[in-house]
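Reviewing the structure listed below.
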Amino acid sequence: MMSSGLAVLCLLLLHTGAQGFGILPGNSLNHLEITEKAILNTTVQVCRALAQAEGTDFTFPAQPFTAEGVAVACNAAKSSKNFRQAILFIMLRNIRVDLRYALNASFHFDEEMFVQGRKIIAEGILAVKASNKQENFEAARQTLGEILHPLQDFYSHSNWVELGNKAPNSNLLRSDTSIGNIAEESRATCRSCDGQDCRNNILEDIINERILTSGYFGVVPFVSTKPKGKCSHGGAVDQTSTIEPKGGINKDTFDSSHGHLHTDAANLAIAATSELLEDIRGAAGDRPFLQMMGITKGSSKALCFVIDTTASMSDDIATVKSVTSSIIDSEVGTDNEPSLYILVPFNDPDFGPQIRTTDAEVFKNVINSLSASGGGDQEEMSLSGLQLALTGAPPNSEIFLFTDAPAKDKHLKSTVVALIERTQTVVNFMISSTTMVNRRRRRDDRQLQQSRISSSDAQLYRDLAQTSGGLAIEVTKSELPEAVSIVTQSSVSSLVTFLQAARNPGKADNFSFRVDETVTDLKVYITGRSVTFTLISPTGESQQSTDTTGSLITTSKTVGNFMTLQLKIQGGLWEIRMVSTNPYTLKVIGQSPIDFLFDFVEASQGPFQGFDALDTRPRTGVKGNLLVSLTGSDTATVTEVALVELLGSEEIIGLAEPQENGNFLVRVDRIPSVEFVVRVKGRTDGVNPRTSVVFQRQSPTSFRSSNVTITADSDSILVPGTPFSVPFSVMTNGTGGNFTIRTTNNRLFESTSPTSLFLENGESANGTVTLSAPLNTPSGTDVTLTIEAEAPGGQDTNYVVLRFSIVNTVTDFTKPKCEQLSLQANCSENCSLSTWMLSVRVTDGDEGTGVDRVSLKQGNGTMNTSLVAGNENITLVTYSASCCAPDVELLVVDRVGNVDTCFFTIRESSPAAISFSTRVTQMPLFGLSIVVLGLHILTDLGIQ
Ligand SMILES: *[C@@H]1O[C@H](CO)[C@@H](O)[C@H](O)[C@H]1NC(C)=O
Ligand SMILES: *[C@@H]1O[C@H](CO)[C@@H](O)[C@H](O)[C@H]1NC(C)=O
Ligand SMILES: *[C@@H]1O[C@H](CO)[C@@H](O)[C@H](O)[C@H]1NC(C)=O
Ligand SMILES: *[C@@H]1O[C@H](CO)[C@@H](O)[C@H](O)[C@H]1NC(C)=O
Ligand SMILES: *[C@@H]1O[C@H](CO)[C@@H](O)[C@H](O)[C@H]1NC(C)=O
Ligand SMILES: [Ca+2]
Ligand SMILES: [Ca+2]
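Residue numbers (the working numbering): 164 to 1107.
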């Protein structure tokens, strides 16, 4: 039972990228390419429809489509990084199915597991729709990747293609229909191939009676679970294909048993993937669908605030209000407008809820309604608030946390670090202190009163800032407004990092960074007290920090422990020589479209060779791999990737092998045992060498490795009210002993798990986390579970970060229905002088969940909807349009995301159509027919 050559190929591709599995004509297609083609094409269709609806121009991107080109066509060039990341994430989840569930036939439509395979897809679609409705797009992408795999495998592993079907099997998308005529278990379906020739091994009666079958698969020699007479998957790995009937039927590649049908199977897999995406788009709506794909208006950045609302914070809250207003007032409607706004308040003992909106006015109102009160003792729930923001913000976001108090929930530190590393989020801490004197106190308490937060308490925030590549800005309340406006203004633009380093304890050190021709707005951020430096430009010019007249630094400001410099733009290699004995951090940033994305990946241990994205820290001291993607240019290539110590200067340089689609597999000989950042050097190819750009970028996030390995495997969909088990396994390559286990989830769901596991040297131990979502949890809620294992002594910790979707059991599989109530058209010869009107009743049946949304899919008239008084289950739609626009198509969606479209027209139609019309009203000039179509035209493929 098993998996796909489609899969094997794609894995090989990652594994041995140099073999040239490109998109060259004649090469076979793998899951990666099938998924990407369908996503790019569907996204283009959505953007075109939106442009039409909004009356803006649309230019198709050049073929073959790329993430870059499609983002530009969607008028969202700044989203190209997020778009690329979304596609990559979906593809990696798709590949993971082969690595994790290689021998589970249901995930690959092997062994005639049609019902089981369809269940995975249909339930997954409901989960994706529910997640989108709650704007949990990360969870939606995860499930989407997982269900695309079986969907695509169906076309390679079943005999759908051999049965002569030219369209996808739409019944795989919903669970209330027949998939087709599935072979009985006892029914023979294949004969042995004629030597190497397997073109005619499926029995004629199976083909003639249009019976569905799929191949068996097994990797253990001489052991076969294949019933008598059944087809095999085929190929060298599949041991069942050596047993009668010999040979196989898969179409994974051109070299497969049925390789002559590979192109047909791959094209059907693309069409099926597009159909599934269309269904999800219909349920979500066009804008939310694009958001799921990472395409948003404006800057593509989230503005994300985590704010202490306890009594002492009123000045800080006033600052946040004014900064929010100023960002919103200056950026709304521009390319720099934040695409998403997030607020998480925290107090003590309460924190949250997280508020997320794309509407600037809504956000302004929410911020303006904040007030400071309560909090009890000195410490507040800052890390709980931060944890919520980290699990709710899109990956690669930048978060600003405002507080004047120590964390009460310090035990969450390692969880917060895990979430920072996994999401590559930058966290800036705006720590204020007061210089006001409390009159009730004696004069000599003045010093103490200067701050609620001691240096050792602030160290927790400094550590987290450093790990995330953010700043820990420590200022007085009166200095806060200036500091905040400096750091928030640039955070919503396309910032890239050139250099990120820290020295603790402080010491003199020299750093260099490369600036390229695409860079604007070059800035240096330094935190620390009594830090001086000398800056040297690529042309050798130098300027001391004390020199206010030099030409390299155009402006410089110091607020509290925070110094910012604006540099003159000059391409080439810069140097900065830092001098201080105090701890300091140094960060050089600028704006540029060119950036990079990466994941740590690990070679699979299973029967398939391939690389899987890590949800954990990579292993210390051993070989490691990264999958790197460049964004912002279609011609950029990686020339070098290095892992650079954050606190020292050692670097480990990796070997970058180009893959297709701008991805690079980087191999390093050793993952450092200390905190490190990832540095990428690259080049874009211009028309001539003079226009090519040599660039260097660095990850803001710093990473740690571990000798502890932790793995967890479970479903990704959780039903409220039912305990959900997550088995996990911990292994150590260091010394054994009693390991501390900590589990946290961001929804505070009840959970049980062991609190320690005893490990022998080099051995593993297993545990299970049981998570229970309360019965009233809304469908589409997501929960992030972090399982941590800490080695004895606390020096080494690893974790796994998992995300699950909560989905209520769905019983409504029926689409809403449209019923025409009236249609009036008095169209004159000059169509522009007259209008037509339509009235439609939309219902979801007695068992249905109810109509959620009616929108115009086609037609540029005016649509209004209203509910029938006293009966919320009926939606009335009226539509009026010019007689020059004779068609209208309504998109109707119920509350669980079942989608249909209804078409109405006043066109003179063919006689056949007239005979189906439900009503013909009198009309002077046009013949009239009304045709109501359930839109699943592709449904009946003749095998039901
Ligand atoms: C893209 O989508 C359109 C509309 O659905 C379809 O006609 C076209 O064949 C698709 N192209 C590819 C390359 O899949
Ligand atoms: C892993 O073990 C090695 C050898 O015992 C040690 O040097 C290294 O510091 C350990 N790594 C971590 C992250 O603890
Ligand atoms: C364990 O760690 C040592 C060095 O720290 C390394 O040489 C060895 O390959 C590691 N073993 C495993 C199974 O990771
Ligand atoms: C491991 O630690 C836990 C709690 O710290 C303790 O209850 C347990 O007995 C210890 N187990 C072993 C085998 O030492
Ligand atoms: C842990 O679980 C895995 C599979 O779930 C099993 O193969 C392994 O033997 C278990 N290990 C221990 C120590 O129980
Ligand atoms: Ca408190
Ligand atoms: Ca329904």
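Every residue, glycine too, gets a C-beta built ideally from N, C-alpha and C. Source: prediction; values computed, not measured.
For the candidate residues the options, whose alpha-carbon lies nearest to that of residue i?
| i | options | result |
| --- | --- | --- |
| V694 | Q652, K686, R740, L736 | R740 |
| L623 | T651, V590, S653 | V590 |
| R1127 | G1024, T874, T1041 | Because the chain in this structure spans residues 164 to 1107, residue 1127 falls outside the shown range and cannot be described. |
| R362 | G410, S349, S968, S404 | G410 |
| S1120 | V233, S294, L213, L251 | Residue numbering for the chain in the displayed model covers 164 to 1107; residue 1120 lies beyond these limits and cannot be assessed. |
| F967 | D945, Q861, Q215 | D945 |
| L658 | A664, V650, A665 | V650 |
| S243 | T717, T566, G457, G343 | G457 |
| P979 | G1060, Q629, H421 | G1060 |
| Q861 | F976, K292, S675, V291 | S675 |
| I470 | R830, G703, G515, E274 | G515 |
| T660 | L984, E645, S755 | S755 |
| E275 | P224, P390, N245 | P390 |
| P701 | T690, E680, M726, V1031 | E680 |
Locate the beta strand (DSSP E) running through residue i, then write down its first and last residues.
| i | result |
| --- | --- |
| P821 | 814-821 |
| R842 | 839-847 |
| K1020 | 1014-1021 |
| Q1108 | Residue 1108 is absent from the model: the chain starts at 164 and stops at 1107. |
| A225 | A225 -> no beta strand (DSSP E), and no H or E assigned at all. |
| Q987 | 980-988 |
| V1005 | 998-1006 |
Could you tell me whether any non-hydrogen atom of ligand 7 is closer than 6 Å to the CB of residue i?
| i | result |
| --- | --- |
| T972 | no |
| N1036 | no |
| T854 | no |
| D220 | no |
Where do the ends of the alpha helix (DSSP H) carrying residue i lie?
| i | result |
| --- | --- |
| S243 | 243-263 |
| M455 | 449-455 |
| Q208 | 194-217 |
| T630 | 618-631 |
| K573 | It is not in any alpha helix (DSSP H) - K573 carries neither H nor E in the DSSP assignment. |
| V1031 | No alpha helix (DSSP H) holds V1031; the beta strand (DSSP E) holding it covers 1025-1031. |
| K527 | 523-531 |
Closer than 6 Å to a non-hydrogen atom of ligand 2 - does that hold for the CB of residue i?
| i | result |
| --- | --- |
| S869 | yes |
| G897 | yes |
| D959 | yes |
Between residue i and residue j, is the Cβ-Cβ spacing less than 7 Å?
| i | j | result |
| --- | --- | --- |
| S321 | S377 | yes |
| A432 | Y318 | yes |
| A954 | V893 | no |
| I253 | R304 | yes |
| V324 | A428 | yes |
| I283 | P313 | yes |
| Q359 | L760 | no |
| G422 | Q402 | no |
Would you say the beta carbon of residue i is closer than 6 Å to some non-hydrogen atom of ligand 5?
| i | result |
| --- | --- |
| S916 | no |
| N1027 | no |
| S767 | no |
Taking 6 Å as the line, does the beta carbon of residue i fall inside it for any heavy atom of ligand 1?
| i | result |
| --- | --- |
| N204 | yes |
Using only the heavy atoms of ligand 6, determine whether one of them is closer than 6 Å to the beta carbon of residue i.
| i | result |
| --- | --- |
| G539 | yes |
| E542 | yes |
| D511 | yes |
>> Contact between the region 548-561 and the region 574-594 is defined here as three or more beta-carbon pairs at a separation below 8 Å; is this criterion met?
In response: Cβ pair count under 8 Å is three or more, so yes.
>> Three Cβ pairs or more, each shorter than 8 Å: is that satisfied between the region 935-943 and the region 846-861?
In response: Cβ pair count under 8 Å is below three, so no.
> Using 8 Å as the threshold, is the region 565-577 in touch with the region 539-547, meaning 3 or more CB pairs across them?
Replying inline: yes
>> Three or more C-beta pairs under 8 Å: does that hold for the region 395-405 against the region 415-422?
In response: yes
> For the region 734-748 against the region 661-674, are there 3 or more C-beta pairs whose distance is under 8 Å?
Replying inline: yes
> Does the region 805-820 come within contact of the region 263-277, defined as at least 3 CB pairs closer than 8 Å?
Replying inline: no
>> Whether or not the region 897-916 and the region 797-804 are in contact is what I'm after, with contact meaning three or more pairs of Cβ atoms, one per stretch, closer than 8 Å; do they touch?
In response: no
> Counting pairs of beta carbons, one from the region 1030-1042 and one from the region 997-1005, are three or more of them closer than 8 Å?
Replying inline: yes
> Does the count of Cβ pairs from the region 775-782 and the region 222-231 closer than 8 Å reach three?
Replying inline: no
>> Pairs of beta-carbons, one from the region 461-475 and one from the region 528-537, closer than 8 Å: are there three or more?
In response: yes
> Any contact of the region 883-899 with the region 985-998, i.e. 3+ C-beta pairs under 8 Å?
Replying inline: no
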